[in-house]
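Scroll down for the structure; my scribbles are underneath it.
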Amino acid sequence: MSATLKNVAVSEGHTDRVWSLSWSPSGSLLASCGGDKTIRLWKLKDDNSLECIHTCIDTHERTIRHVCWSPSGQYLAAASFDSTASVWKKVNNNGEIALEMLARLEGHENEVKSVSWDASGSLLATCSRDKSVWIWDMDEDEEFNCVAVLHGHSQDVKAVKWHPSKEILFSSSYDDTIKAWEDDEDDWYCSHTLTGHTSTVWDVSFNSDGSKMVSCSDDNNLIIWDTKVIGDGPKQVCTLSGYHTRTIFSVDWSEEGYIASAGADDSIHIFREDGPGDSSEDKKVSFSQTSVERKAHGGDVNCVTWRPAKREDGTILLASCGDDNLIKLWALEISSDVQIMVKFRFQKPPYMIMVTAIHMVEVLWLSNHC
Numbered sequence: 055m056s057a058t059l060k061n062v063a064v065s066e067g068h069t070d071r072v073w074s075l076s077w078s079p080s081g082s083l084l085a086s087c088g089g090d091k092t093i094r095l096w097k098l099k100d101d102n103s104l105e106c107i108h109t110c111i112d113t114h115e116r117t118i119r120h121v122c123w124s125p126s127g128q129y130l131a132a133a134s135f136d137s138t139a140s141v142w143k144k145v146n147n148n149g150e151i152a153l154e155m156l157a158r159l160e161g162h163e164n165e166v167k168s169v170s171w172d173a174s175g176s177l178l179a180t181c182s183r184d185k186s187v188w189i190w191d192m193d194e195d196e197e198f199n200c201v202a203v204l205h206g207h208s209q210d211v212k213a214v215k216w217h218p219s220k221e222i223l224f225s226s227s228y229d230d231t232i233k234a235w236e237d238d239e240d241d242w243y244c245s246h247t248l249t250g251h252t253s254t255v256w257d258v259s260f261n262s263d264g265s266k267m268v269s270c271s272d273d274n275n276l277i278i279w280d281t282k283v284i285g286d287g288p289k290q291v292c293t294l295s296g297y298h299t300r301t302i303f304s305v306d307w308s309e310e311g312y313i314a315s316a317g318a319d320d321s322i323h324i325f326r327e328d329g330p331g332d333s334s335e336d337k338k339v340s341f342s343q344t345s346v347e348r349k350a351h352g353g354d355v356n357c358v359t360w361r362p363a364k365r366e367d368g369t370i371l372l373a374s375c376g377d378d379n380l381i382k383l384w385a386l387e388i389s390s391d392v393q394i395m396v397k398f399r400f401q402k403p404p405y406m407i408m409v410t411a412i413h414m415v416e417v418l419w420l421s422n423h424c
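If you count the sequence shown from 1, position 54 lands on 108 in the numbering used here, and the numbers rise without skipping.
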């Protein structure tokens, strides 16, 4: 399979660099945040354009660095460089969708870099430049209580991400490591430390069933980890090198199996796992690049995120944002390059008809051993 990215929409609105994007679970709304200290809510229209329907202003004193929708789509969490995180509730005001602040989470001593909800939507993780990871529990009254403060990283914690189906939290850091955190009777502990990158680990993402994880780094590499057997610890199974020329800031794995990565080289790359081969060597995990957009933005590409569901026409959408203050939507156009061989018995000399996926027919001269 080959795939190409086609830019289908460019959205303006932020007055400073856009740091983070998050699709609602239904894929109907996109949340964004940036250096202008605002959170914006965008509605996806039928023509794949985005309409800004709500803006949260005067919410944080400094840059808003990250946003993340809850699994229910009712809450949006945001991380800010003012050392706090905020939680917003989606409301309907006379037919207009808006966000109302539900809680401000305080406790970190420095910039909050990332937020992430667990699969149940009851636990929220935050991480900070203060080298700590906090876990918050939301009760039935929509009140938040800190249930754990995790120390283990020796430098800033860049990102947190929950496993999609297990109560395991992953954090990545300036200390070049990824840590897995698990709960033992309300006592959270670091179960594994993953080493493999040689510089800051900026982001991690999981495939749809959580059996694999991908990480990206300041070392310009992507690493694929086997996370099926957590008890033995995630295992590094593949490294993607030589594609990005500068820091990779963001990575996201789609439900359809495509990995998008983006970074300081202004580019977006798309990868997909190779199919199984015939030889034992081919059975090793490997990935190939299916598409690249060299100048995706006019500056650093800070975030890429796949829409969680295909459009009705089957279109797969990717959203990106960057230092150029823009949000862009991309359609992933997939074509099959698989050749189908069909053999027919002819009178001498022997021939073979080859029908390709694009309905081209070739008549090939074959050996007498056909």
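Note that beta-carbon positions come from the ideal geometry of N, C-alpha and C, so glycine has one too.
Proximity below 7 Å, CB of residue i to CB of residue j
i	j	result
His207	Ser227	yes
Thr254	Met267	no
Ser86	Ile381	yes
Phe325	Phe341	yes
Arg361	Gly81	yes
Ser170	Lys220	no
Leu177	Trp384	no
Leu156	Lys143	yes
Trp307	Asn261	yes
Pro288	Leu248	yes
Leu130	Thr359	no
Thr69	Asp90	yes
Ala57	Ser259	no
Lys212	Trp256	yes
Asp354	Asp377	yes
Val40	Ser134	The requested residue 40 does not occur in the structure, where the chain is confined to residues 55 to 424.
Val72	Asn102	no
Trp235	Leu276	no
Ser269	Ile232	yes
Limits of the unbroken beta strand (DSSP E) element including residue i
i	result
Val425	What is shown of the chain runs 55 to 424, which leaves residue 425 out entirely.
Phe198	198-205
Leu59	56-65
Arg326	322-327
Asp191	186-192
Glu236	232-238
Leu380	It is not in any beta strand (DSSP E) - Leu380 carries neither H nor E in the DSSP assignment.
Ala363	Counting along the chain, Ala363 falls outside any beta strand (DSSP E), and DSSP gives it neither H nor E.
Glu347	341-347
Asn146	139-147
Tyr129	129-134
Ser168	166-171
Ser76	72-77
Glu154	150-159
Ala350	From DSSP, Ala350 is part of no beta strand (DSSP E); its letter is neither H nor E.
Asp257	255-260
Tyr430	Any property of residue 430 remains undetermined from this structure, which presents the chain solely from 55 to 424.
Ser226	222-227
Gly89	Careful: Gly89 lies outside any beta strand (DSSP E) and carries neither H nor E.
Glu105	104-110
Arg119	118-123
Thr180	177-182
Inter-residue spacing [alpha-carbon to alpha-carbon] between residue i and residue j
i	j	result
Lys185	His162	9 Å
Leu98	Ser321	24 Å
Trp123	Leu95	11 Å
Arg119	Asn274	21 Å
Ser271	Asn147	42 Å
Val141	Asp191	12 Å
Val64	Asp286	45 Å
Val339	Asn379	37 Å
Ala132	His114	10 Å
Glu197	Cys244	26 Å
Glu347	Cys292	23 Å
Asn453	Asn199	There is simply no residue 453 to check, as the chain begins at 55 and stops at 424 in what is shown.
Gln290	His251	10 Å
Ser137	Asp210	13 Å
Ile107	His246	42 Å
His351	Glu194	42 Å
Gly175	Val201	15 Å
Cys375	Gly88	10 Å
Arg116	Leu84	21 Å
Ser263	Ala152	As written in the sequence, residue 263 is Asp, which differs from the Ser given in the question. The straight-line gap from Cα to Cα measures roughly 32 Å.
Asp367	Glu387	12 Å
Ala179	Ile93	19 Å
Beta-bridge partners of residue i, as assigned by DSSP
i	result
Gln290	Trp279
Gly317	Ile302
Tyr312	Arg326
Lys215	Phe224
Thr69	In the DSSP output, where bridge partners are listed per residue, Thr69 has none listed.
Glu387	Thr58
Touching by the beta-carbon criterion (3+ pairs, under 8 Å), the stretch 233-249 and the stretch 302-318: no
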